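A.B. asks: With my numbering as the guide, the letters of the sequence shown map in order to residues 553 to 816. Think of the CB as a built atom: it goes at the ideal place given N, C-alpha and C, for glycine as much as any other residue. The structure presented is a predicted model; accordingly, all values stated were derived computationally and were not measured. There's a structure below that I have some questions on.
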Amino acid sequence: MRCAGEPNRWNNIGGKGTVDFPTCESRCLKLSGCEFLTFSADACTSWPTCSEMVPADGTTVYFKEASSATSSEATTTEAAATEAVTTAAATEAATTEAATTEAASTEAATTEAATTEAGASSSASAASATPAAAGSASEMQLMWEEARCSGPAPFGLNNLGDALTLEECIESCLAEKSCAFLTFKSGGCTSWSECDSSRDTRDCVTYRKEVAAAPASTIAATSSSAAAPSSTAAAASSTIAPAPSTTTAPSSTAAAASSTTMPA
Numbered sequence: 553m554r555c556a557g558e559p560n561r562w563n564n565i566g567g568k569g570t571v572d573f574p575t576c577e578s579r580c581l582k583l584s585g586c587e588f589l590t591f592s593a594d595a596c597t598s599w600p601t602c603s604e605m606v607p608a609d610g611t612t613v614y615f616k617e618a619s620s621a622t623s624s625e626a627t628t629t630e631a632a633a634t635e636a637v638t639t640a641a642a643t644e645a646a647t648t649e650a651a652t653t654e655a656a657s658t659e660a661a662t663t664e665a666a667t668t669e670a671g672a673s674s675s676a677s678a679a680s681a682t683p684a685a686a687g688s689a690s691e692m693q694l695m696w697e698e699a700r701c702s703g704p705a706p707f708g709l710n711n712l713g714d715a716l717t718l719e720e721c722i723e724s725c726l727a728e729k730s731c732a733f734l735t736f737k738s739g740g741c742t743s744w745s746e747c748d749s750s751r752d753t754r755d756c757v758t759y760r761k762e763v764a765a766a767p768a769s770t771i772a773a774t775s776s777s778a779a780a781p782s783s784t785a786a787a788a789s790s791t792i793a794p795a796p797s798t799t800t801a802p803s804s805t806a807a808a809a810s811s812t813t814m815p816a
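Written out as structure tokens, the structure is:
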């Protein structure tokens, strides 16, 4: 089975013979707009929606869904926030009462608090000006135009996809730990682990990765059912499960932050 209709581009996150399922899965989790994926013969295609499916030999449909841990984490966060608000209200009441009875002491405490806050603000400003540390979100920097890395591509030509936009190519490289550089030409996206010299190539651009890649997702398993659960918005991790072999696919909503895939 596969999603009915046409995707934005076929095999946009992995051309035939250039990607296995774990890699396809990982790229979909980190690629914005990939709520469903179809995998067949080592080819990987992302879909933003999949309301209906049609028969397709050797093809499997997967969709994102929120993990059960997400609800628990969100509840814990909400409870902590409520407790913080209650504590702040009690502190404010105590401060008001103290101000009424001891104006001089309150004024001194206020001055001290203002000094402390100013120091904290200065520290926060200095921290915000500090470059991102390793482990934070990576970004790509343009190295060359009309040129690519010299030598043969270590992982194969267009190994990240052969029908991508530049933005999709960059997202795919950021999702790959081994991708330190990328070259993009006419929809073809190729990753490189090293790039010491260049070779003139028309209509080609080369980027290098800055800072460390985001942490890898975890993988959990789930079983297929007659009606697959819908994907729900999550503040933490999500899963991707195989869609059931029916003509109607489950609905999907966006999952925030890091995601996790689940094969059938």
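1. Would you say Ala727 and Arg561 are within 7 angstroms of each other, going by their C-beta atoms?
2. Should Ala632 be labelled buried (16 or more other beta-carbon atoms within 10 Å of its own) or exposed?
3. Would you identify the three-state DSSP class for Lys568, choosing helix, strand or coil?
4. Which of the three DSSP states is assigned to Arg579 in this structure?
5. Which whole runs of the alpha helix (DSSP H) in the stretch 688–750 are 4 residues long or more, in chain order?
6. Compute the Euclidean distance between the alpha carbons of Val571 and Gly708, then round it to the nearest angstrom.
7. Quick check on Thr753: does DSSP put it in helix, strand or coil?
8. Give the C-beta separation of Phe573 and Phe591 to the nearest angstrom, bearing in mind that I take them to be a contact with Cβ-Cβ under 8 angstroms.
9. Comparing C-alpha positions only, which one of Arg700, Leu712, Thr601 and Glu635 sits nearest to Cys741?
10. I'd like to confirm the pairing. Which residues does DSSP put opposite Met605 in its beta bridges?
11. Just to confirm, is the Cβ distance from Arg700 to Arg751 under 7 angstroms?
12. Which whole-angstrom value describes the C-beta separation of Lys818 and Ala793, a residue pair presumed to lie in contact below a C-beta threshold of 8 angstroms?
13. Spatial neighbours of Ser584 within its chain, please: CB distance less than 8 angstroms, with the 5 preceding and 5 following residues excluded, ordered by chain position.
14. Pick out whichever of Arg554, Leu694 and Ser702 has its Cα sitting closest to the Cα of Asp609.
15. Quick one: what's got a C-beta closer than 6 angstroms to Lys582's C-beta in the same chain, skipping five residues either side?
16. Report all residues from its chain with a CB closer than 7 angstroms to the CB of Gln693; omit the five preceding and five following residues, and keep chain order.
17. Please return the same chain residues whose Cβ sits closer than 6 angstroms to the Cβ of Pro600, not counting the five positions on each side in sequence.
18. So Asn564 and Glu720 are in contact, right, with Cβ under 8 angstroms, and what is the actual spacing, rounded?
19. Count the other CB atoms, across all protein chains shown, that sit within 10 Å of the CB of Ser598; report buried if there are 16 or more and exposed otherwise.
20. Whose C-beta lies closer than 7 angstroms to the C-beta of Thr575 among residues of the same chain, with five residues either side of it excluded?
C.D. replies: Result, derived from the coordinates:
1. no
2. exposed
3. coil
4. helix
5. 718–727
6. 10 angstroms
7. strand
8. 6 angstroms
9. Leu712
10. Cys555
11. yes
12. In the structure as shown, the chain begins at 553 and stops at 816. Residue 818 is therefore absent and cannot be evaluated.
13. Glu723
14. Arg554
15. Ala727
16. Tyr759, Arg760 and Glu762
17. Gly585 and Glu587
18. 6 angstroms
19. buried
20. Gly566
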